[in-house]
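Asker: Quick one: the structure is below, and I'll ask about it shortly.
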Amino acid sequence: MKSLSMSVRFLILAALGAVAAAAVASCGGTLPNSAVSRHLAGRYVGALTDSTALASVIRDRHIKPPDLSSDVPLLEQLRAELAKSDPTGTYAGITYDLTRGNRLGPGWIVQTPTQWGRRSSDLPAGHSDALVTLVHDLVASAQRRVDIALLQPVPDRRFLEALRTGLETLSRRGRPVAVRLIVGQYPPDNVDVPAFFKALTEGIDTTRIEVSVAAFRSCVATEDCDSYSWNHAKIVAVDGRDALVGGHNLWSQDYLLDAPVSDLSMRVQGPAAAGAARYIERLWQYVCANLDKKDSIALAGTTAGCSPAVSLPVVSGGGGLPILGVGRLGAGITKDFANQSELARDLMLGAAQHEIRIVQQDLGFSLGRADALFPDSTIDRLIDFLRQGRGDIYIVLSNPGAKGKSGMTYSNDVSLLQLARHLRQEVQRRFETRDPLSRWEIRRGPDPINAMLCEHVHLAPYRFGPDATWPGGVPIANHAKFWMVDGRTFYIGS
Numbered sequence: 001m002k003s004l005s006m007s008v009r010f011l012i013l014a015a016l017g018a019v020a021a022a023a024v025a026s027c028g029g030t031l032p033n034s035a036v037s038r039h040l041a042g043r044y045v046g047a048l049t050d051s052t053a054l055a056s057v058i059r060d061r062h063i064k065p066p067d068l069s070s071d072v073p074l075l076e077q078l079r080a081e082l083a084k085s086d087p088t089g090t091y092a093g094i095t096y097d098l099t100r101g102n103r104l105g106p107g108w109i110v111q112t113p114t115q116w117g118r119r120s121s122d123l124p125a126g127h128s129d130a131l132v133t134l135v136h137d138l139v140a141s142a143q144r145r146v147d148i149a150l151l152q153p154v155p156d157r158r159f160l161e162a163l164r165t166g167l168e169t170l171s172r173r174g175r176p177v178a179v180r181l182i183v184g185q186y187p188p189d190n191v192d193v194p195a196f197f198k199a200l201t202e203g204i205d206t207t208r209i210e211v212s213v214a215a216f217r218s219c220v221a222t223e224d225c226d227s228y229s230w231n232h233a234k235i236v237a238v239d240g241r242d243a244l245v246g247g248h249n250l251w252s253q254d255y256l257l258d259a260p261v262s263d264l265s266m267r268v269q270g271p272a273a274a275g276a277a278r279y280i281e282r283l284w285q286y287v288c289a290n291l292d293k294k295d296s297i298a299l300a301g302t303t304a305g306c307s308p309a310v311s312l313p314v315v316s317g318g319g320g321l322p323i324l325g326v327g328r329l330g331a332g333i334t335k336d337f338a339n340q341s342e343l344a345r346d347l348m349l350g351a352a353q354h355e356i357r358i359v360q361q362d363l364g365f366s367l368g369r370a371d372a373l374f375p376d377s378t379i380d381r382l383i384d385f386l387r388q389g390r391g392d393i394y395i396v397l398s399n400p401g402a403k404g405k406s407g408m409t410y411s412n413d414v415s416l417l418q419l420a421r422h423l424r425q426e427v428q429r430r431f432e433t434r435d436p437l438s439r440w441e442i443r444r445g446p447d448p449i450n451a452m453l454c455e456h457v458h459l460a461p462y463r464f465g466p467d468a469t470w471p472g473g474v475p476i477a478n479h480a481k482f483w484m485v486d487g488r489t490f491y492i493g494s
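Residue numbers (the working numbering): 1 to 494.
This is the structure:
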């Protein structure tokens, strides 16, 4: 893998911390909290809302990064700081949830395709079949309840068959189980919910199992708010005891054929899985309260309307791992600030002492604009880390032009060069704010900004082996969302 020098340019935390993340995405209209510029952030003062900039949340609530030298466990510190953004505790256990006694069993890292060190032409048949098997086995293992959150398009081909065979197993067992699938849909397309429900259940005896399917978006600028927002979480949670959480969409064309998308999820067993289910339950509460929004919400099921959620059993953890599950509710579900996953990210980056590692599809986006937008609050944390001389930053992003077989894009067309330039501009701005004459000093000698960035920031396009593309020049797509701080706390999300 070749690095680019800076000179050219229901989600999980655990301790080694894990942060499991879930998310409702938002874009357009009002910008996502982390993308609001620091200049606009100054306008947000007082009560927190779903559109309050992260910089304002941190400032107004006196929120501080965790102290890695403290005797107080890291995730306990982080949970306490997140709670300051939720003074009534309304979203505790939903968008931020610290649990203990979790277990990461064999194969808990779910990464596809496992192609490391091989030529791109050496991709074996069935390279990611284990993911299909895992989805089936999770559904089929349910005793009371299955909660699934996805993004459109709905599962197809082999993933659809994995869900169907899992339901067939539950049906034959004869035990009453509630299975609910909720899908984020974005404009201008809608999910054909009746057709998907039929494809999922046709020919299966649903006498003893209850199946519900919903698709929704919670905010549409042309209707009821000034943004767009829909579910982006990818979760398969079973009985509040076992969950697959991360980035994987259940799209056969993109993940199971040749030139597959690279992605990352994790399987967690224990109380953290119940937090993922509670997050999904909050999405269902919104859907069931807004069934009159026919253009944005659709529902189909074995029973008419919304059924009450089946209570989760109390899960006593058999492991020793603390996990902080974090999520965001985006826009439209609530007027409160409930985007704790973004806040957790920035606080942990702000706590880093030695090393930050980030693997993402993108760090910037354009939204049809000529200029790229970057998450200012996150960029500020990275620059603070650099200016204090703490260590190195490693960032790996998807490749420009990356697409899946389905036609879905895996690049926002914001290049590593654009990111590098933006980082340099922001560091330069910091230098000039502190010392307005520094720009002239730089011209008379070596540029200290370039020297710092070239030494401590390492940017690279995603690779898994010696080849820069799949056969035929197809760009390699990365959809994973991962960061790690100092080798002791990591995040895997959607």
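All residues carry an ideal CB built from backbone N, CA and C; glycine is no exception.
Rank Gln143, Asp226, Gln111 by C-alpha distance to the C-alpha of Arg267 and give the top, closest one.
Answerer: Ranking the options by Cα distance to Arg267, first place goes to Gln111.
Asker: Tell me whether Val457 is buried or exposed, calling it buried when 16 or more other Cβ atoms sit within 10 Å of its Cβ.
Answerer: Its Cβ being crowded by 16 or more others within 10 Å, Val457 is buried.
Asker: Which residues mark the beginning and the end of the beta strand (DSSP E) in which Ile182 is found?
Answerer: Taken as a continuous stretch (DSSP letters only), the beta strand (DSSP E) holding Ile182 covers 177-184.
Asker: Going by CA-CA distance only, name the one from Ile148, Met452, Glu168 that's closest to Gly389.
Answerer: Measuring from the Cα of Gly389, the nearest candidate turns out to be Met452.
Asker: From the DSSP output, in three-state form, read off His62 for me.
Answerer: Correct three-state label for His62: coil.
Asker: Quick one: Cα of Arg43 to Cα of Asp258, how far?
Answerer: Any reading at Arg43 is ruled out, since the residue's pLDDT is 41, under 50, leaving its predicted position unreliable.
Asker: How many angstroms separate the CA atom of Cys288 from the CA atom of Cys306?
Answerer: When rounded, the distance between both Cα atoms is 6 Å.
Asker: Closest to Thr95 by CA distance: which of Asn412, Pro194, Ala277 is it?
Answerer: If we check each option's Cα against that of Thr95, Ala277 comes out closest.
Asker: Would you please state the rounded distance, in angstroms, between the beta carbons of Ser494 and Lys84? I believe it to be under 8 Å.
Answerer: That belief does not hold up - the Cβ atoms of Ser494 and Lys84 are roughly 25 Å apart, past 8 Å.
Asker: Taking the alpha helix (DSSP H) that Leu329 falls in, what are its first and last residues?
Answerer: Unbroken run through Leu329: none, as it is neither H nor E.
Asker: In terms of DSSP beta bridges, what is Ser265 paired with?
Answerer: Ser265 pairs with Val110, Gly246.
Asker: Give the range of the alpha helix (DSSP H) segment to which Gly350 is assigned.
Answerer: Taken as a continuous stretch (DSSP letters only), the alpha helix (DSSP H) holding Gly350 covers 340-351.
Asker: What's the C-alpha gap between Asp392 and Ser262?
Answerer: Each residue's alpha carbon lies about 25 Å from the other.
Asker: Round the Cβ separation of Gly275 and Gly89 to the nearest angstrom and send it over; I've been treating them as touching at under 8 Å.
Answerer: Gly275 to Gly89, Cβ: 15 Å. No contact.
Asker: Report buried or exposed for Ser121, applying the criterion of at least 16 other Cβ atoms within 10 angstroms of its Cβ.
Answerer: Exposed, since its Cβ has fewer than 16 Cβ neighbours within 10 Å.
Asker: Consult DSSP for Glu455 and reduce its assignment to one of helix, strand or coil.
Answerer: Helix.
Asker: Can you pull the DSSP bridge partners for Trp251?
Answerer: Answer is none; Trp251 lacks a bridge partner.
Asker: Does Ile109 pass the burial test, meaning 16 or more other C-beta atoms within 10 Å, or should it be called exposed?
Answerer: Per the 10 Å Cβ criterion, exposed.
Asker: Using DSSP with H/G/I as helix, E/B as strand and the rest coil, what is Arg38?
Answerer: Model confidence at Arg38 stands at a pLDDT of 48, short of 50, so the residue's coordinates are unreliable; what they give is reported in the following sentence. In this structure, Arg38 counts as helix in the three-state DSSP scheme.
Asker: Judging by CA-CA distance, which residue of Asp129, Tyr286, Pro375, Ala298 is the nearest neighbour of Trp251?
Answerer: Checking every option, the nearest Cα to that of Trp251 belongs to Asp129.
Asker: Within a Cβ cutoff of 7 Å, which residues of the same chain sit near Val220, ignoring the five residues on either side of it in sequence?
Answerer: Hits under 7 Å: Pro187, Tyr228, Ser296.
Asker: Can you list, in chain order, the residues of its chain whose CB lies under 6 Å from that of Lys405, leaving out five sequence neighbours each side?
Answerer: So the list reads Gln253, Asp254, Leu257, once near-sequence residues are dropped.
Asker: Ser341 and Val495 - do their beta-carbons sit closer together than 8 Å?
Answerer: One cannot answer for residue 495 here, as it falls past the ends of the chain, which runs 1 to 494.
Asker: Quick one: Cα of Ser384 to Cα of Ala142, how far?
Answerer: Residue identity check: residue 384 is Asp in the sequence provided, not Ser. If you take the alpha carbons of Asp384 and Ala142, they lie about 46 Å apart.
Asker: Per DSSP, which one or two residues make a beta bridge with Ile235?
Answerer: Per DSSP, Ala149, Val245.
Asker: State the DSSP-derived secondary structure class of Thr302, mapped to helix, strand or coil.
Answerer: Thr302: coil per DSSP, three-state reduction.
Asker: Could you say which of Ala125, Asp97, Gly166 lies nearest to Ala140 if we only look at CA atoms?
Answerer: The shortest C-alpha separation from Ala140 is found at Gly166.
Asker: Am I right that Ala331 and Cys225 are in contact with their C-beta atoms under 8 Å? What's the rounded C-beta distance?
Answerer: With 8 Å as the limit, Ala331 and Cys225 qualify as a contact, their Cβ atoms being about 6 Å apart.
Asker: Could you round the C-beta distance between Val236 and Ala215 to whole angstroms and report it? I think they count as a contact, below 8 Å.
Answerer: With 8 Å as the limit, Val236 and Ala215 do not qualify as a contact, their Cβ atoms being about 17 Å apart.
Asker: Work out the CA separation of Leu138 and Ala243 for me, nearest whole Å.
Answerer: Their backbone Cα atoms lie some 8 Å apart in a straight line.
Asker: What does DSSP give as the partner residues of Pro461 in its beta bridges?
Answerer: The partner list for Pro461 (beta bridge, DSSP) reads Leu397.
Asker: Within 10 angstroms of the Cβ of Leu373, are there 16 or more other Cβ atoms? Answer buried if so, exposed if not.
Answerer: Label assigned to Leu373: buried.
Asker: Could you please give the first and the last residue of the uninterrupted beta strand (DSSP E) stretch that includes Gln425?
Answerer: Counting along the chain, Gln425 falls outside any beta strand (DSSP E), though it belongs to the alpha helix (DSSP H) covering 416-434.
Asker: For Cys225, does the three-state DSSP call read helix, strand or coil?
Answerer: If DSSP states are grouped into helix, strand and coil, Cys225 belongs with coil.
Asker: Is Tyr394 closer than 8 Å to Asn478 when the C-beta atoms are compared?
Answerer: Against a cut-off of 8 Å, the Cβ pair of Tyr394 and Asn478 comes out as no contact.
Asker: Consult DSSP for Gln143 and reduce its assignment to one of helix, strand or coil.
Answerer: Coil at Gln143, not helix or strand.
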